Amino acid sequence: MRRALGVVVLSLALGGCSKTPEEAAKLYNVQTSNGFKFAGGVAVTDQHILTDLSLFETQKSGQVLDNTGKNFGAAKLSKDDFSRVVVLYAEDEVLPAAKIGSSDDLTEGAKLATQVYNEKGEPELLVGAFRGWQFGDGVGYLVTDINAPKESIGAGYFGPDGKLVGLQVTKRGKSTLLLPIEYVVNGPKAVTNTLIGEHLDSEAFAAKRAEGEKHPDPIPEPPSFEQILWEFAFSRTALVGAVVMMDKKDGPAHAAPVKFLLESVDVESKREVVGEGAVEPANLKWAPQAEAFADLKKNAGAIFGDAFVKAELDPYDYGELRFRIPFAPFCAKVDAARVYVLTLTLADGRKASENFQDMANICTGAEEGDGTAWEKEWGMSSAAGAAPAAADDDDKGGKAKKKKKKKGRK
């Protein structure tokens, strides 16, 4: 389900001179609170504010902080479950009200501005650009490169002419998605009709609305530098795996020491370090994945747009950081009654972890996983590792059932 968005309308539209996006954001945006959480908001009449419905699903009133630093109470007047917007009414206030704009006027690269507030009520002006449209959740979203905090959901965003074009809905990576203002103010059932009059879809927006209806599925998270995937397995002599990731071209993490930590976990979830250190350079290999990265960019471009690919993917390399960690000396400390957790830490702080449930059998060499084939494929000789710990008498001769650990990406 699409993230909730709330609406609060305050003040009559100011006539006369136009505003820059920055001036409009500073003048018309407010902060709303239900007493527990806060969100963004924007005044659309002198007494009504649009804000996040999630804050006012059950609460009948809340607090508003305006651009002058004044706090005042406001009551929930109405809501729209589809747009996830709520209208707050401030009975004794006279607020400057934003002019309603149109997403039709936005072209890729157009300036957008918003003003957000932190938990202390301190305002921050954010300026960026319109990246294009994204369809999902049954609607069409406006995508901006403004990296706004999630807590400013419901904040108004203003286009080049200083008019309100959208409300912050959610984040995808560093991009902020906006609900076009048309979803809030257009149509005979719009929650703002009695406040600012009825608005109708333009031909262009009607097409965007129809396109959005063709995409009911949620929008996926975009690929990012922070994300890493991994594959962990084992051979007869080592823990083996690959960390799949984007990496910086200048000072890449895969060129720096990679640390490992192996911990045992007992039935009471208490952890004990079994082995730790840096992976030997001979047991680390960076394998660029140019073809896979090209496919990733193509798919991301189709969903998030070419501007996203240029800004968020092009600056990086992409590949597998392959590693091998010989069993010795930690296998001597392995206890069959415990679970073992291997954690890799890259130089830039990113981590990958995997649980090994059957470390006792793995250490005896009685079991063999995908790591054996990976060692051969990657040219990492098992001779580099110490021999596995001696098996118990019951396990000699391979009595333990041979089991292949499935390769799993997380």
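The sequence shown finishes on residue 606 if you use our numbering, and the numbering steps up by one all the way, no holes.
Ideal Cβ positions, reconstructed from N, Cα and C, are used throughout, including at glycine.
As the structure is a prediction and not an experimental result, all values here were calculated from the model.
Open item on the list: Per DSSP, what are the beta-bridge partners of Lys316 in this structure?
Closed with: Looking up residue 316 in the sequence shown gives position 120. According to DSSP, Lys316 bridges with nothing at all.
Task: Inter-stretch contact (C-beta, 8 Å, three-pair minimum) for the segment 399-410 and the segment 352-365 - done: no
Task: Nearest residue (CA-CA) to Glu476, options Asn263, His450, Asp248 - done: Here residue 476 refers to the residue found at position 280 of the sequence shown. It is His450.
Open item on the list: Short of 7 Å in beta carbon distance, which residues of its chain neighbour Pro414, apart from the five on each side in sequence? Order them along the chain.
Closed with: Position 218 of the sequence shown holds residue 414. Hits under 7 Å: Gly332, Asp333.
Task: Distance between Gln553 and Gln330 (C-alpha atoms, nearest Å) - done: On the sequence shown, residue 330 is found 134 positions in, with the first residue counted as 1. On the sequence shown, residue 553 is found 357 positions in, with the first residue counted as 1. So the alpha carbons of these two residues sit roughly 42 Å apart.
TODO: Could you have a look at Val381 and say whether DSSP puts it in helix, strand or coil?
DONE: Sequence index remark: in the sequence shown, residue 381 carries index 185 (1-based). Val381: helix per DSSP, three-state reduction.
- [ ] Answer yes or no: do Leu373 and Pro419 have a C-beta to C-beta separation smaller than 9 Å?
- [x] Position 177 of the sequence shown, counted from the first residue, corresponds to residue 373. Position 223 of the sequence shown, counted from the first residue, corresponds to residue 419. Not in contact: Leu373 and Pro419 (Cβ atoms no closer than 9 Å).
TODO: Sort out for me which residues DSSP pairs Arg368 with in a bridge.
DONE: Locating residue 368 in the sequence shown gives position 172, counting from the first residue. Arg368 is bridged to Ser371.
Open item on the list: Could you tell me the alpha carbon to alpha carbon distance between Glu564 and Ala496, rounded to whole angstroms?
Closed with: To locate residue 564, count along the sequence shown from 1; it is residue 368. To locate residue 496, count along the sequence shown from 1; it is residue 300. Rounded to whole angstroms, Glu564 to Ala496 spans 37 Å at the Cα level.
Task: Gly567 versus Ala438 - alpha carbon distance - done: Taking the sequence shown and counting its residues from 1, the one referred to as residue 567 is at position 371. Taking the sequence shown and counting its residues from 1, the one referred to as residue 438 is at position 242. Straight-line Cα distance between these residues: approximately 10 Å.
Open item on the list: Determine whether the beta carbon atoms of Asp262 and Ala239 lie at a separation below 9 Å.
Closed with: Counting from 1 along the sequence shown, the entry for residue 262 is found at position 66. Counting from 1 along the sequence shown, the entry for residue 239 is found at position 43. Cβ atoms of Asp262 and Ala239: closer than 9 Å.
Open item on the list: Per the DSSP calculation, Pro522 is bridged to which residue(s)?
Closed with: For this step, residue 522 is matched to residue 326 along the sequence shown. Looking at the DSSP assignment, Pro522 forms a beta bridge with Ala434.
TODO: With a threshold of 16 other CB atoms inside 10 Å of the CB of Arg467, please say whether the residue is buried or exposed.
DONE: Mapped onto the sequence shown, residue 467 falls at position 271. The residue is exposed, with fewer than 16 neighbouring Cβ atoms inside 10 Å.
Open item on the list: Taking its Cβ as the centre, do 16 or more other Cβ atoms sit within 10 Å of Asn382, making it buried, or is it exposed?
Closed with: Position 186 of the sequence shown holds residue 382. By the neighbour-count rule (16 or more Cβ atoms within 10 Å), Asn382 is buried.
TODO: Tell me whether Phe421 sits in a helix, a strand or coil according to DSSP, three-state version.
DONE: By 1-based counting over the sequence shown, the position of residue 421 is 225. Three-state result, Phe421: coil.
Task: Coil, strand or helix - Ile349 by DSSP - done: Position 153 of the sequence shown, counted from the first residue, corresponds to residue 349. Three-state result, Ile349: coil.
Task: Gly237 in three-state terms, based on DSSP - done: Against the sequence shown, residue 237 aligns to sequence position 41. Gly237 falls in the strand class under three-state DSSP.
Open item on the list: Can you tell me whether Asp413 is helix, strand or coil according to DSSP?
Closed with: What you label residue 413 is simply residue 217 of the sequence shown in a count that begins at 1. Coil.
Task: Where Gly473 falls, given that 16 or more other Cβ within 10 Å makes a residue buried - done: Locating residue 473 in the sequence shown gives position 277, counting from the first residue. Counting Cβ neighbours within 10 Å, Gly473 comes out exposed, since fewer than 16 surround it.
TODO: Flag this pair as yes or no: are the beta carbons of Ala486 and Glu304 separated by less than 9 Å?
DONE: Counted from its first residue, the sequence shown places residue 486 at position 290. Counted from its first residue, the sequence shown places residue 304 at position 108. The answer is no: Cβ separation not under 9 Å.
Open item on the list: Can you find the residues in the same chain that come closer than 8 Å, C-beta to C-beta, to Lys222, ignoring five residues on each side of it along the sequence?
Closed with: As a working mapping, residue 222 is identified with position 26 in the sequence shown. Around Lys222: Asn263, Gln311, Pro319, Leu321.
Open item on the list: If you follow the beta strand (DSSP E) that Thr247 is in, where does it begin and where does it stop?
Closed with: Reading the sequence shown from its first residue, position 51 is the one you call residue 247. It spans 244-248 - the beta strand (DSSP E) in which Thr247 sits, taken as one unbroken run.
- [ ] Classify Glu427 as buried or exposed, calling it buried when 16 or more other Cβ atoms lie within 10 Å of its own Cβ.
- [x] In the sequence shown, residue 427 corresponds to position 231, counting from 1. Buried: at least 16 other Cβ atoms inside 10 Å.
Open item on the list: When you compare the segment 504-516 with the segment 387-395, are there three or more beta-carbon pairs, one atom per stretch, that lie closer than 8 Å?
Closed with: By the criterion of at least three beta-carbon pairs nearer than 8 Å, the segment 504-516 is not in contact with the segment 387-395.
Task: Alpha-carbon spacing of Ala524 relative to Val436, whole angstroms - done: Walking along the sequence shown from the start, residue 524 turns up at place 328. Walking along the sequence shown from the start, residue 436 turns up at place 240. Annotation: Ala524 to Val436 spans about 14 Å, alpha carbon to alpha carbon.
Open item on the list: Quick check on Pro448: does DSSP put it in helix, strand or coil?
Closed with: Translated into the one-based positions of the sequence shown, residue 448 becomes position 252. Residue state, collapsed to three classes: coil.
Open item on the list: Which residue marks the beginning of the beta strand (DSSP E) containing Asp276, and which one marks its end?
Closed with: As a first step, residue 276 is located in the sequence shown; it is residue number 80 there, counting from the start. First-last of the beta strand (DSSP E) with Asp276: 267-276.
Open item on the list: Helix, strand or coil for Ala579? Go by DSSP, reduced to three states.
Closed with: In the sequence shown, the residue the question calls residue 579 occupies position 383. Note that Ala579 scores a pLDDT of 49, beneath 50, so its modelled location is shaky; the value from the coordinates is reported in the next line. If DSSP states are grouped into helix, strand and coil, Ala579 belongs with the helices.
Task: Distance, Asp443 Cα to Ala585 Cα - done: Here residue 585 corresponds to residue number 389 of the sequence shown, with the count starting at 1. Here residue 443 corresponds to residue number 247 of the sequence shown, with the count starting at 1. With a pLDDT of only 41 at Ala585, under 50, the local geometry of the prediction cannot be trusted, and the value read off the model is given with reservation. So the alpha carbons of these two residues sit roughly 36 Å apart.
Open item on the list: Quick check: the Cα distance between Lys316 and Glu417, rounded to an integer number of angstroms?
Closed with: Position 120 of the sequence shown, counted from the first residue, corresponds to residue 316. Position 221 of the sequence shown, counted from the first residue, corresponds to residue 417. The alpha-carbon atoms of Lys316 and Glu417 are separated by roughly 30 Å.
Task: Closest by C-alpha distance to Tyr512, when choosing among Val469, Lys445, Asn389, Ser549 - done: Position 316 of the sequence shown, counted from the first residue, corresponds to residue 512. Selected option, being the one with the closest Cα: Lys445.
- [ ] Identify the continuous alpha helix (DSSP H) that holds Pro217 and give its terminal residues.
- [x] Taking the sequence shown and counting its residues from 1, one reaches residue 217 at position 21. Here the alpha helix (DSSP H) through Pro217 covers 217-224.
- [ ] Identify which residue in Leu273, Glu378, Ile342 has its Cα closest to the Cα of Gly369.
- [x] The residue labelled residue 369 in the question sits at position 173 within the sequence shown. The shortest Cα separation from Gly369 among Leu273, Glu378, Ile342 belongs to Ile342.
- [ ] Give the range of the beta strand (DSSP E) segment to which Gly473 is assigned.
- [x] As a working mapping, residue 473 is identified with position 277 in the sequence shown. Unbroken beta strand (DSSP E) run through Gly473: 467-474.
TODO: May I ask you to report which of helix, strand or coil DSSP gives Ser214?
DONE: Position 18 of the sequence shown, counted from the start, is the residue given in the question as residue 214. Three-state DSSP puts Ser214 in coil, outside helix and strand.
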